[in-house]
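Participant: Can you read through this structure? Questions will come right after.
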Ligand SMILES: Nc1ncnc2c1ncn2[C@@H]1O[C@H](COP(=O)(O)OP(=O)(O)OP(=O)(O)O)[C@@H](O)[C@H]1O
Ligand SMILES: [Mg+2]
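Chains as they are written, first to last, in UniProt numbering: chain A, 1 to 247; chain B, 1 to 347.
Rendered as C-alpha cells:
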C-alpha cells in the first residue's frame, strides 16, 4: 500500500484572464503535514477548493487514496474522507456549535434519510460530536450559536467538523488566523499529534507554526509552486526569501 | 449571555429548548387549536352549519399551507406552484367520484382503473400521484435557485392550470361537481361536523409529521441545506436529494388537503390550480410565520376570516389583505406566530 494519500496532478485553473493555478502537482503522504505557503492572492485557497470539489479545475486531476476524484461532488469527496476547513468560515450561524458538528457525525454514519428519531437525544450523534469539540477545547461553547463566536472560534468549529468526519486527509485553510497566542499554541500541539492519524495539507500565514509543524513546505507564488522542501531548505531558499519572506 | 441567547433569530427546523405547554408559546398554540376546535363545535351544537363548514375550510387551507411551509419555511424552497398539488388532489377526488357515480372507468388502458367514492382510495391515489408529480417538477426545479426556482415552479403549475382548463371531459374551465361527498367506512362524511373532524385530524397529522420529521436526522439535514448547503456538502451529505424528498413530502401534504377541499366544496375547477391559489397559500405561510409549526394555522385563520368578514363588506378586501401583509412584513417579520408567541430559539 502506497504512502501517498492525496495527489494533485498538473492542476490548472483560470478565472477569466487570471491564472490562479499554474500546473500545480503535489503529494500528501501518510503521517505528514504538508504546508502550503505564499503571499496573499497566490492561489492557495483556490487550490484547496479544487481538491475539495468546490471549484472545478480546467485541467489536471486529483486522486484520493489511489482513486481519481476529479469529477466527484463536494459531498462525494467528503464521504471518501476529505475533511476541510474554510478560510472564511462556512457554518450554519443560527445553529449551536454542537449542531454544526453533529451534521458531520450524521454524514459519517451515512443515515440522513431517517425521519423519526429526534437527533437531540441521539447519543450516537451527540457523543462523537462532543468528543470532536473536546479535542478543539470548545466544549464550553457547545450550546452557543455560531453567530456569537469570534472568527477564531469559528475556524476551530470548522476543524472540529472536519475531525468528526474521521477524514483520510485534512485540508486546513489558515486555521490559526484570529487565534490568540494561547489558542495558536494549543492548535499547534494538536496538529502535531493529529498528523499521526491523518495527514494534513496546511495553509498558514503564521511562519513560526509552519516551520515548527511542517514536514514539507510548498511555496506558491502567482499560482505556481516556486519551491518545495523541508523547513530548513525553504527558510534558506533565496527565491522564497525574495518572493515571499520579504528580505 | 442569556440575554444574548434569547435574541437568536427565529429558526425553524430544530427543537427549541424544552417547552412547557403552559409557557407563552405553548399557550398560544393550545389557544389556536382550541379556537379552531371549539368554535365549530359550538356552531355545530347550535345548528349553524355554515360556520362548521367555514372552520373546515380554514382547517384545509391551513393543512395545504403546512405542506407549503415544509418547502418554504423548513427547506428554503420558495415554491410558487403548490396549487399544482392542491389542485391535483382536488381533481383526483373529483374525477374518481365522477366515474364512481356513472360506473365508467377512469381509464381502460393499459389497465382498467374504475372510479371510487372511497376517501381512503382517493387519499392513497393523491399521495402517490402528487408525490410523482412533485418528484418530476422538483427534480427539474431544484437544479435552479432563487427567482428561477420561483418562476419554474410557477410555470409548471400554470401548465397544469391550462391543461385542466382545456380538457373538456372533466368540465374544462367550468369545473366538475362532486354530487355525493366521497365516503369513509363507519362514518357519515356528509355530516358537516363529522367532515370537520376528518379535516381537523388531517391538519393535526400533517403538523405532527412535520414537527417530528424536523427533529430527526432528515430534518437536521434539511435545516442545514436551508441555512448553509456548502456546510452540508462539506460534511458529506448531498443537499439535492434531501431537498427533493422534502419537496415531495410537502406536495403530498398539500395534495391531501386539496382532495379534502374538493370534497368540502362538492366541486372542483381549474381555480384550485391557478397561481392565485399558489399565491394565497404563500401569503398564509408568510402571515402566520415562515417556518413556524403553527404559522400556517394562524395564517389561515387570519386569511379566511379577513376574506369572509371583509369580503362580505367590500369587493376590495384584498387591498386590506395587502395592507396587513405589508404590516406583517415590515413590523412582525416572523409573522403572527412570531408576534404572539415570541421568537424561537434553538440549542
Ligand atoms: N471565484 C473567483 N473568481 C475570480 N477570481 C478569483 C476567485 N477566487 C479567487 N480569485 C482570485 O484568484 C487569486 C487567488 O485567490 P486565492 O483566494 O486562492 O488566494 P490565497 O492564496 O488563498 O490568498 P490569501 O492568502 O489572501 O487567502 C486571487 O487573485 C483572487 O482574487
Ligand atoms: Mg486564501
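Glycine included, every Cβ here is placed at the ideal spot set by N, Cα and C.
#1: Give the residues from the stretch 215-243 of chain B that approach chain A closer than 7 angstroms (Cβ to any Cβ), ordered along the chain.
#2: Quick one: what's got a C-beta closer than 7 angstroms to residue 232 (chain B)'s C-beta in the same chain, skipping five residues either side?
#3: Check whether the stretch 179-196 of chain B touches the stretch 84-102 of chain A, taking contact to mean three or more Cβ pairs, one atom from each stretch, closer than 8 angstroms.
#4: Say whether chain B places a C-beta atom closer than 7 angstroms to the C-beta of residue 19 (chain A).
#5: With DSSP as the reference, label residue 158 (chain B) as helix, strand or coil.
#6: Which residues, taken in chain order from the stretch 185-218 of chain B, show a beta carbon closer than 7 angstroms to some beta carbon of chain A?
#7: DSSP on residue 75 (chain A), reduced to helix/strand/coil?
#8: Mind checking the stretch 31-54 of chain A against chain B and listing, in chain order, the residues whose C-beta falls within less than 9 angstroms of any C-beta there?
#9: Suppose you measure from the CA of residue 23 (chain B) to the CA of residue 294 (chain B); what does that come to, to the nearest Å?
#10: Residue 15 (chain A) CB to nearest chain B CB: under 7 angstroms?
#11: Give, in chain order, every residue of the stretch 67-99 of chain A whose Cβ lies closer than 7 angstroms to some Cβ of chain B.
#12: Quick one: what does DSSP say residue 191 (chain B) is sitting in, helix, strand or coil?
#13: For ligand 1, which residues count as neighbours when the test is a C-beta closer than 5 angstroms to any heavy atom?
#14: Determine the direct distance from the alpha carbon of residue 13 (chain A) to that of residue 203 (chain A), and round the result to whole angstroms.
#15: Kindly list the residues whose CB is nearer than 7 angstroms to the CB of residue 207 (chain B), restricted to its own chain and excluding five residues on each side of it in sequence; keep chain order.
#16: Would residue 234 (chain B) pass as a contact of residue 78 (chain A) if the rule is Cβ separation under 7 angstroms?
#17: Is the number of C-beta pairs between the stretch 160-171 of chain A and the stretch 81-91 of chain A that are closer than 8 angstroms three or more?
#18: Can you give the Cα-Cα distance for residue 126 (chain A) and residue 201 (chain A), rounded to whole angstroms?
#19: Any heavy atom of ligand 4 closer than 6 angstroms to the CB of residue 87 (chain A)?
#20: Please confirm if the stretch 66-74 of chain A is in contact with the stretch 248-260 of chain B, defined as three or more CB-CB distances below 8 angstroms between the two stretches.
#21: Enumerated in chain order, which unbroken segments of the alpha helix (DSSP H) with a length of 4 residues or greater are wholly contained in the stretch 277-304 of chain B?
#22: Over what stretch of residues does the beta strand (DSSP E) that includes residue 10 (chain A) continue unbroken?
#23: Would you check if the stretch 213-233 of chain A and the stretch 27-44 of chain A touch, i.e. whether three or more CB-CB distances between them fall below 8 angstroms?
#24: Using a C-beta to C-beta distance shorter than 7 angstroms, which residues of chain A count as neighbours of residue 66 (chain B)?
#25: Does the separation of the CB atoms of residue 287 (chain B) and residue 297 (chain B) fall below 7 angstroms?
#26: So, with DSSP's three-state summary, where would you put residue 6 (chain B)?
#27: Does the distance from the C-beta atom of residue 257 (chain B) to that of residue 119 (chain B) stay below 7 angstroms?
#28: Just reading off the alpha helix (DSSP H) that residue 141 (chain B) is part of, what are its end residues?
#29: Name the chain A residues whose beta carbon is nearer than 8 angstroms to that of residue 245 (chain B)?
#30: Give me the Cα-Cα distance between residue 178 (chain A) and residue 236 (chain A), rounded to the nearest whole angstrom.
#31: Compute the distance between the beta-carbons of residue 61 (chain B) and residue 300 (chain B), then report whether it is under 7 angstroms.
#32: Could you compute how far the alpha carbon of residue 236 (chain B) sits from the alpha carbon of residue 147 (chain A)?
#33: Within the same chain, show all residues whose beta-carbon is closer than 8 angstroms to that of residue 152 (chain A), passing over the 5 residues directly before and after it, in chain order.
#34: Relative to the C-alpha of residue 244 (chain B), which residue among B:274, B:134 and B:160 is closest?
#35: Mind checking residue 59 (chain A): buried by the 16 CB within 10 Å criterion, or exposed?
#36: Residue 87 (chain B) and residue 153 (chain B): beta carbons closer than 7 angstroms?
Facilitator: In this structure, then:
#1: For the stretch 215-243 of chain B, which is checked against every Cβ of chain A, the residues closer than 7 angstroms are 215, 216, 217, 218, 220, 221, 224, 227, 228, 230, 231, 232, 233, 234, 235, 236, 237, 238 and 242.
#2: If we look at residue 232 (chain B) and ignore the five residues flanking it on each side, its Cβ neighbours are 221, 224, 225 and 239.
#3: Three or more Cβ pairs closer than 8 angstroms define a contact, and the stretch 179-196 of chain B falls short of that threshold against the stretch 84-102 of chain A.
#4: Residue 19 (chain A) does not count as touching chain B.
#5: Residue 158 (chain B) falls in the helix class under three-state DSSP.
#6: Residues of the stretch 185-218 of chain B with a Cβ closer than 7 angstroms to any Cβ of chain A, in chain order: 212, 213, 215, 216, 217 and 218.
#7: Three-state result, residue 75 (chain A): helix.
#8: Of all residues in the stretch 31-54 of chain A, 52, 53 and 54 have a Cβ within less than 9 angstroms of some Cβ in chain B.
#9: Using only the alpha carbons, I get a separation of about 15 angstroms.
#10: So no, residue 15 (chain A) is outside the interface.
#11: Residues 73, 74, 75, 78, 79, 84, 90, 91, 92, 94, 95, 96 and 99.
#12: It is coil, neither helix nor strand.
#13: Qualifying residues, in the order they occur: A:15, A:20, A:40, A:41, A:42, A:43, A:44, A:45 and A:46.
#14: If you take the alpha carbons of residue 203 (chain A) and residue 13 (chain A), they lie about 18 angstroms apart.
#15: Closer than 7 angstroms at Cβ, skipping near neighbours: 66 and 293.
#16: Yes, Cβ-Cβ distance for residue 234 (chain B) and residue 78 (chain A) is below 7 angstroms.
#17: By the Cβ criterion, the stretch 160-171 of chain A is in contact with the stretch 81-91 of chain A, since at least three pairs of Cβ atoms, one from each stretch, lie closer than 8 angstroms.
#18: Rounded to whole angstroms, residue 126 (chain A) to residue 201 (chain A) spans 28 angstroms at the Cα level.
#19: You won't find ligand 4 in this model; what it holds is ligand 1 and ligand 2.
#20: Contact between the stretch 66-74 of chain A and the stretch 248-260 of chain B is absent, because fewer than three Cβ pairs lie under 8 angstroms.
#21: At a cut-off of 4 residues, not a single continuous stretch assigned as alpha helix (DSSP H) sits fully inside the stretch 277-304 of chain B.
#22: That run of the beta strand (DSSP E) goes 4-15.
#23: Touching, per the Cβ criterion.
#24: By Cβ distance, chain A contributes nothing, its closest Cβ being about 16 angstroms from residue 66 (chain B), past 7 angstroms.
#25: Cβ distance not < 7 angstroms, so residue 287 (chain B) and residue 297 (chain B) don't count as in contact.
#26: Its pLDDT being 37, under 50, residue 6 (chain B) is placed unreliably in this model, and the value from its coordinates should be taken loosely. The answer is helix: DSSP assigns residue 6 (chain B) an H, G or I state.
#27: Not closer than 7 angstroms, so no.
#28: Boundaries of the alpha helix (DSSP H) harbouring residue 141 (chain B): 119-141, taken from the DSSP string.
#29: Result: 113.
#30: Between residue 178 (chain A) and residue 236 (chain A), the alpha-carbon positions lie close to 28 angstroms from each other.
#31: Result yes, Cβ atoms of residue 61 (chain B) and residue 300 (chain B) sit closer than 7 angstroms.
#32: Straight through space, the alpha carbons of residue 147 (chain A) and residue 236 (chain B) are spaced by roughly 23 angstroms.
#33: 177, 178, 179, 180 and 183, listed in sequence order.
#34: That would be B:134, whose Cα lies nearest to the Cα of residue 244 (chain B).
#35: Burial call: exposed.
#36: In this structure, residue 153 (chain B) does not lie closer than 7 angstroms to residue 87 (chain B) by Cβ.
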